[in-house]
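K.L.:
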Amino acid sequence: MAQKSISPVLEKKGSFDVDRIRKDFPVLTTTVNGHPLVYLDNAATSQKPKVVIDALSDYYQEYNSNIHRGVHYLSQRATDAYEGSRSRIKKFINARKIEEIIFVRGTTEAINLVAQSFGRTNLQTGDEVLITVLEHHSNIVPWQIICKERGAKLTVVPMTDDGDLKLDEYRSHLSSRTKIVAMAHVSNALGTVNPVREMISMAHEHGIPVLVDGAQAVPHTAVDVQDLGCDFYAFSGHKMYGPTGIGVLYGKEELLDRMPPYQGGGDMIKSVTFEKTIYNDLPHKFEAGTPNISGGIALGVAVDYLNSLDRLAVQAHENSILDYASSQLSSIRGAEIVGRPKKKSSVLSFVLENVHPHDVGTILDSEGIAIRTGHHCAQPIMTRLGIAATARASFALYNTKEEVDALVRGIYKVIEVFGS
Ligand SMILES: Cc1ncc(COP(=O)(O)O)c(C=O)c1O
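Each position in the sequence shown, counted from 1, maps to that position plus 359 in my numbering.
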């Protein structure tokens, strides 16, 4: 039986029709509390197009099997689909080699892998790991753990009140003690787009490798790891229209080659005796045990989905939604936008005078509008700004101006209920 195509061409390049796009996402027709769903929680996780959902069910219905070790038809078909997906991801981020694409559970696991494997072999007492105040907890805690273990120090680049990193301070923190820089490409709490290319080249002037947390960048912009020059790049499938439980760590081959395995087990070995184990080649050295096979395959389909669109047109659409939402919110008395960085992507954090963000979220939910409230796993940002939490609307390619209008009506309802 011929392999069923899992990469249909979905849309002609060079155009962007949001009504047409919305039809690809089955969940968008849902009603919530008697209202059409307005899904504005995309920074937490995006919705999935039907092709991605179908890829998951096709795997289980048609060729469920373990990969890499099987000689039978199903196993070979699953292996081809999984490894095919890896090559599409390599192309998607323009990695040099397939060996540089490690499948992981998500951004969190990717960063933990580097912190544990690179950190354990490269950090000594007195060394420093440089991060920024704009990080998600996933790019703070793994470094804290390894710094504590190795006697190293975590240093932090501060930001302005608008949410821009202070590049002068970044530069002055780079020294021979710095063994790695780890920073977000885009902040999930404020939407700040960091000048990562420039920051990477500053670090490289000192010979310092850089890990970029791309969880909030890959869904919105084309990422070229060679052009950025980063040494590691981490991202999650579920934020870029793929499934949960799958993500990618890109790493330069020469670095990954020198790093010890993160976990031990099946698939990451060439041979095992009780005396000695010879590890497998890249990328398998870092992929112990049965992986998320269906997730890996469906992530390849999410990549195909994004590739089938004109990504510049998608970005222009998302920017127009963000600009529209920002100007609408600015005109609401008592609403304050949190974070006004020079360059921003798809995230609008705000607070309402005298209303707790959780109450904002709850009332909006009663109107069918899904946003996120809280510290967004970025407590140091909240501490820096002297607030406990924000309400956050975050946008994806299927959002519309009409949905922003619904958000604004919802916010007026909140203000009416709380009489502020
Ligand atoms: C900037 C950033 N980094 C890391 C993560 C963690 O991603 P995951 O939970 O998919 O591992 C997130 C999730 O919100 C994020 O926004």
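Glycine included, C-beta positions come from ideal geometry on N, C-alpha and C.
Should Asp586 go down as buried or exposed, given a rule of 16 or more other Cβ atoms within 10 Å for buried?
P.N.:
Exposed.
K.L.:
Can you look up Tyr621 in the DSSP assignment and give me helix, strand or coil?
P.N.:
Coil, per DSSP.
K.L.:
Tell me, please, whether the stretch 605–615 touches the stretch 625–639 by the rule of three or more beta-carbon pairs shorter than 8 angstroms.
P.N.:
Because the criterion of three Cβ pairs below 8 angstroms is not met, the stretch 605–615 and the stretch 625–639 do not touch.
K.L.:
In the DSSP assignment, what are the bridge partners of Ser630?
P.N.:
Paired residues: Ile637.
K.L.:
With DSSP as the reference, label Gly733 as helix, strand or coil.
P.N.:
Strand, per DSSP.
K.L.:
For the stretch 450–461 against the stretch 688–698, are there 3 or more C-beta pairs whose distance is under 8 angstroms?
P.N.:
As far as the Cβ criterion goes, the stretch 450–461 does not touch the stretch 688–698, which means the pair count is below three.
K.L.:
Among Asp400, Trp502, Pro385, which residue has its Cα nearest to the Cα of Ala755?
P.N.:
Here the closest residue by C-alpha is Asp400.
K.L.:
Quick check on the burial criterion: 16 or more other C-beta atoms within 10 angstroms. Buried or exposed for Phe633?
P.N.:
Exposed, by the Cβ-count rule.
K.L.:
Can you give the Cα-Cα distance for Ser653 and Tyr419, rounded to whole angstroms?
P.N.:
Their Cα atoms are separated by approximately 8 angstroms.
K.L.:
Give the range of the beta strand (DSSP E) segment to which Ala541 is assigned.
P.N.:
Residues 537–543.
K.L.:
Taking only beta-carbon positions, decide if Ile380 is within less than 8 angstroms of chain B.
P.N.:
The structure shown contains no chain B; it is built from a single protein chain.
K.L.:
Report all residues from its chain with a CB closer than 6 angstroms to the CB of Ala684; omit the five preceding and five following residues, and keep chain order.
P.N.:
Excluding sequence neighbours, Ala684 sits near Leu707, Val763.
K.L.:
In chain order, what residues of the same chain have a beta carbon less than 6 angstroms from the beta carbon of Tyr592, not counting five sequence neighbours either side?
P.N.:
The residues are Val571, Gly573, Val584, Tyr609.
K.L.:
So, helix, strand or coil for Asp376, using DSSP?
P.N.:
DSSP places Asp376 in coil when its eight states are reduced to three.
K.L.:
Distance, Cα to Cα, Lys407 vs Phe384?
P.N.:
C-alpha separation (whole angstroms): 6 angstroms.
K.L.:
In angstroms, rounded to a whole number, what distance separates the CA positions of Lys629 and Lys702?
P.N.:
Each residue's Cα considered, the two are about 47 angstroms apart.
K.L.:
By Cβ distance, which residues of its chain are closer than 7 angstroms to His394, with the 5 residues on each side in sequence left out?
P.N.:
For His394, where only same-chain residues beyond five positions count, the Cβ hits under 7 angstroms are Glu726, Gly727.
K.L.:
Helix or strand or just coil, what does DSSP make of Glu762?
P.N.:
Helix, per DSSP.
K.L.:
Could you pull out every residue in the same chain whose Cβ sits closer than 8 angstroms to the Cβ of His496, ignoring the five residues on either side in sequence?
P.N.:
Here the set comprises Cys736, Ala737, Gln738.
K.L.:
Could you tell me which residues DSSP pairs with Pro395 in its beta bridges?
P.N.:
Paired residue(s): Thr390.
K.L.:
Provide the residue span of the beta strand (DSSP E) that contains Asp663, from first to last.
P.N.:
Taken as a continuous stretch (DSSP letters only), Asp663 belongs to no beta strand (DSSP E), being part of the alpha helix (DSSP H) at 652–666.
K.L.:
So who's on the other strand from Gly780, going by DSSP bridges?
P.N.:
Given that the chain is displayed from residue 360 to residue 779, the structure contains no residue 780 and the question cannot be resolved.
K.L.:
Under 7 angstroms from any heavy atom of ligand 3, does the C-beta of Cys589 make it?
P.N.:
This structure simply doesn't include ligand 3; it includes ligand 1 instead.
K.L.:
Using a threshold of 7 angstroms, is the CB atom of Gly733 nearer than that to any non-hydrogen atom of ligand 1?
P.N.:
Incorrect: Gly733 has no Cβ contact closer than 7 angstroms to ligand 1.
K.L.:
Leaving out five residues before and five after Gly648 in sequence, what residues of the same chain have Cβ atoms less than 6 angstroms from its Cβ?
P.N.:
Excluding residues within five positions, the ones whose Cβ falls inside 6 angstroms are Gly624, Gly625.
K.L.:
What do you reckon, is the C-beta of Asn498 under 7 angstroms from a heavy atom of ligand 1?
P.N.:
Flag set: Cβ of Asn498 near ligand 1.
K.L.:
Where do the N-terminal and C-terminal ends of the beta strand (DSSP E) with Ser546 fall, by residue?
P.N.:
No beta strand (DSSP E) holds Ser546; DSSP gives it neither H nor E.
K.L.:
Please name the residue in Ala750, Tyr771, Ala747, Met741 whose C-alpha comes closest to that of Ala521.
P.N.:
Here residue 521 is Asp; the residue named in the question, Ala, does not match the sequence. That would be Met741, whose Cα lies nearest to the Cα of Asp521.
K.L.:
Can you tell me where the beta strand (DSSP E) with Val582 in it begins and where it stops?
P.N.:
Per DSSP, Val582 belongs to no beta strand (DSSP E) and is neither H nor E.
K.L.:
Could you name each continuous beta strand (DSSP E) segment of 3 residues or more that falls completely within the stretch 487–518, going from the start of the chain to the end?
P.N.:
Qualifying beta strand (DSSP E) stretches, in chain order: 487–491, 512–516.
K.L.:
Starting from Leu354, trace the alpha helix (DSSP H) in both directions and tell me its first and last residue.
P.N.:
The structure shown does not extend to residue 354, since the chain is modelled only from 360 through 779, so no value can be given for it.
K.L.:
What does the Cβ neighbour count give for Gly465, buried or exposed, with the cut at 16 atoms within 10 Å?
P.N.:
Classification of Gly465: buried, given that the 10 Å Cβ count is 16 or more.
K.L.:
Would you kindly report the start and end of the unbroken beta strand (DSSP E) that includes Val710?
P.N.:
706–711 is the extent of the beta strand (DSSP E) around Val710.
K.L.:
Could you pull out every unbroken beta strand (DSSP E) segment of at least 3 residues lying fully inside the stretch 403–463, listed in chain order?
P.N.:
Counting whole runs of 3 or more residues, the stretch 403–463 contains the beta strand (DSSP E) stretches 460–463.
K.L.:
For Glu459, count neighbouring C-beta atoms within 10 Å of its own C-beta (all shown protein chains included) and say buried if the count is 16 or more, exposed if not.
P.N.:
Classification of Glu459: buried, given that the 10 Å Cβ count is 16 or more.
K.L.:
Just verifying my parser: in three-state terms, what is the DSSP assignment at Glu646?
P.N.:
DSSP places Glu646 in coil when its eight states are reduced to three.
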